[in-house]
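Taking it in order: structure first as structure tokens, then the write-up.
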Amino acid sequence: MTERVGFIGLGIMGQGMTLNLLKAGFPVTVWNRTAAKTEQALAAGAAAGASPADVAAKSDIIITCVSDTPDVQAVLLGENGVIYGAKPGALVIDMSTISPGATRDMAAALAEKGVAMLDAPVSGGSEGAAKGTLSIMVGGDANAYERAQPVFKAMGKTITRVGDIGAGQMVKLVNQVLVVVNGLAVCEALLLAQAGGLDLQTTIDAVAGGAAGSWMLSMRGPQIARRDWRPGFTIDLQQKDVRLVLEAAQELGVPMLATSLVNNLYRTLQQRGLGSEGNHALVKALENLAGIEVGQKG
Ligand code: NAP
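Just so we're aligned, residue 276 is where the sequence shown starts under the working numbering, counting upward by one.
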């Protein structure tokens, strides 16, 4: 039997993920705080829910993809939240990037109502969400994980159960250390290329296939070279992830030298009012220090 899917949070990621669930044939009910963002999903055949509780009442599997820990708490447990509509036997899948500890607490609250929960944060950017090629890191019960496979396969390519509830978020934090430190390397390298008089795109093409290659270099390097700061992932949300990494590291007693540096660089950009630009605008923090501008001048 095809499960009815509810989707809450149609931002940059949720838009593409919802369209891929519809394409895979799932009946989907959507809700977004700002209603206008549901238009594309509704045009593609989704039904409109009146609130997170209403979405939950009409769904067997309820997916959330909103910004930060308090936002997931609000849509799951707050006023008109999922917990007030979900029936016993329902499955909640949170695909946002949030705190592992808060995830475990929310799963416990839902379990009291007979509702299961998986944490399933993603990687792969807005491109991965649109193409259905996300990497999905799943924490939670093995049976719930098996049940969720068809919906995961509609949205992602590399789907891995990494442990119990909360473990998906912990792996995502590990993922984000790799993303931001690599992002800093990409920015620093392109700054050097600029100072050395190189053509940035030619330089990227020359090195991307070798040991220096990475998703950040191939996907965001050309954007930096064009000075295109449109977000696949905003600086504000990237800084939120770095904050989550540093909080977890603090609890665990792990020094995070490079990640702390990136956190401070992102802070300088937020202070300059650039929080809604793409995370690759990190290069602007380095430009500021170096007195050099990368890329094509307009
Ligand atoms: P986004 O475009 O900023 O969208 C955020 C979504 O969360 C919007 O639908 C927003 O509603 C909703 N929201 C925020 N606070 C809310 C609240 N208190 N109550 C109800 N809804 C709320 O962000 P995104 O890029 O799609 O990211 C969503 C999640 O995926 C984040 O946790 C992010 O870290 C994670 N993620 C993003 C990427 C990426 O490359 N973009 C990659 C991997 C993971 P409104 O429309 O009303 O503002």
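Using N, Cα and C, we set each Cβ at its ideal position, and we do this for glycine too.
* Start-to-end residues for the beta strand (DSSP E) that takes in M412 -> As a first step, residue 412 is located in the sequence shown; it is residue number 137 there, counting from the start. Per DSSP, M412 belongs to the beta strand (DSSP E) from L409 to G414.
Report the residue ranges of all alpha helix (DSSP H) runs contained in full by the stretch 441-491; include only those spanning at least 4 residues, in chain order. If we require 4 residues or more, the alpha helix (DSSP H) runs fully inside the stretch 441-491 come out as 442-470 and 475-482.
Worksheet item: Exposed or buried, which one is T309 when buried takes at least 16 other CB atoms within 10 Å?
Response: On the sequence shown, position 34 is the one that residue 309 refers to. It is exposed - the Cβ of T309 has fewer than 16 other Cβ atoms within 10 Å.
Please indicate yes or no: does the CB of F508 lie closer than 7 Å to some heavy atom of the ligand NAP?
Residue 508 sits at position 233 when you count from the first residue of the sequence shown. Yes, since a heavy atom of the ligand NAP falls inside the 7 Å radius drawn around the Cβ of F508.
Q. What are the boundary residues of the beta strand (DSSP E) that includes V305?
A. The residue given as residue 305 occupies position 30 in the sequence shown. Here the beta strand (DSSP E) through V305 covers V303 to W306.
Comparing the C-beta of T408 with each C-beta of chain B, is any distance below 8 Å? The structure shown contains no chain B, having only a single protein chain.
Notebook entry, point to check: Between G484, I283 and E421, which lies nearest to A349 when the distance is taken from Cα to Cα?
Noted result: For the purposes of this step, residue 349 is identified with residue 74 of the sequence shown, where counting begins at 1. The residue with the shortest Cα to Cα distance from A349 is I283.
Residue closest to M288, alpha-carbon to alpha-carbon, out of V341, T277 and A322: Here residue 288 is taken as the residue at index 13 of the sequence shown, counted from 1. From the listed residues V341, T277 and A322, the smallest Cα separation to M288 is found for V341.
Quiz item: Skipping 5 residues on each side, what residues in its chain have a beta carbon closer than 7 Å to that of L352?
Solution: As a working mapping, residue 352 is identified with position 77 in the sequence shown. I358, M381 and A384.
Q | Proximity test, R518 beta-carbon vs the ligand NAP heavy atom, cut-off 7 Å | A | As a first step, residue 518 is located in the sequence shown; it is residue number 243 there, counting from the start. Outside the cutoff, so no.
Reduced DSSP category for M531 - H, G, I as helix; E, B as strand; rest coil: For this step, residue 531 is matched to residue 256 along the sequence shown. Residue state, collapsed to three classes: coil.
Identity of the residue in A524, A556, E568 and T378 nearest D439 by Cα
Locating residue 439 in the sequence shown gives position 164, where the first residue counts as 1. Nearest C-alpha to D439: T378.
* Collapsed DSSP secondary structure at L285 in the structure displayed -> Taking the sequence shown and counting its residues from 1, the one referred to as residue 285 is at position 10. Here L285 sits in coil by DSSP.
*asked:* Short of 7 Å in beta carbon distance, which residues of its chain neighbour V446, apart from the five on each side in sequence? Order them along the chain.
replied: Along the sequence shown, one-based indexing puts residue 446 at 171. Sequence-distant Cβ neighbours of V446 in its own chain, meaning closer than 7 Å and more than five residues away, are M412 and V437.
Report yes if the CB atom of S334 is closer than 8 Å to the CB atom of W306, and no otherwise.
For the purposes of this step, residue 334 is identified with residue 59 of the sequence shown, where counting begins at 1. For the purposes of this step, residue 306 is identified with residue 31 of the sequence shown, where counting begins at 1. When the beta-carbon positions are compared, S334 and W306 stay at least 8 Å from each other.
**Message:** Would you call the stretch 360-376 in contact with the stretch 421-432, where contact means no fewer than 3 C-beta pairs closer than 8 Å?
**Reply:** Contact between the stretch 360-376 and the stretch 421-432 is established, with three or more Cβ pairs separated by less than 8 Å.
For this session: Count the C-beta pairs between the stretch 512-521 and the stretch 459-470 that are closer than 8 Å, then say yes if the count reaches three, no if not.
Result: Between the stretch 512-521 and the stretch 459-470 there are fewer than three inter-stretch CB-CB distances shorter than 8 Å, so the stretches are not counted as touching.
Tell me the DSSP secondary structure of G399 in three-state form. Indexing the sequence shown from 1 puts residue 399 at position 124. DSSP places G399 outside both helix and strand once states are collapsed to three, so it counts as coil.
**Prompt:** In the DSSP assignment, what residue or residues form a beta bridge with R436?
**Reply:** Taking the first residue of the sequence shown as position 1, residue 436 is located at position 161. Answer by DSSP bridge pairing, in chain order: V413.
task = Measure from the alpha carbon of T313 to the alpha carbon of each residue in T293, A328 and G300, then state which is nearest.
result = Locating residue 313 in the sequence shown gives position 38, where the first residue counts as 1. Ranking T293, A328 and G300 by Cα distance to T313 puts T293 first.
Can you list, in chain order, the residues of its chain whose CB lies under 6 Å from that of S398, leaving out five sequence neighbours each side?
Counted from its first residue, the sequence shown places residue 398 at position 123. Result list for S398: S410 and N450, in chain order.
T339: first and last residue of the uninterrupted beta strand (DSSP E) it sits in: As a working mapping, residue 339 is identified with position 64 in the sequence shown. For T339, the uninterrupted beta strand (DSSP E) segment begins and ends at I336 to T339.
| request: Check whether the Cβ atoms of G400 and N295 lie closer than 8 Å to each other. | output: To locate residue 400, count along the sequence shown from 1; it is residue 125. To locate residue 295, count along the sequence shown from 1; it is residue 20. The Cβ-Cβ distance between G400 and N295 does not fall below 8 Å.
- prompt: To which residues of the same chain is A404 closer than 6 Å at the C-beta, ignoring the five residues directly before and after it?
  reply: Sequence index remark: in the sequence shown, residue 404 carries index 129 (1-based). Non-local beta-carbon contacts of A404 in its own chain, meaning distances under 6 Å to residues more than five positions away in sequence, involve M288, G291 and M292 in chain order.
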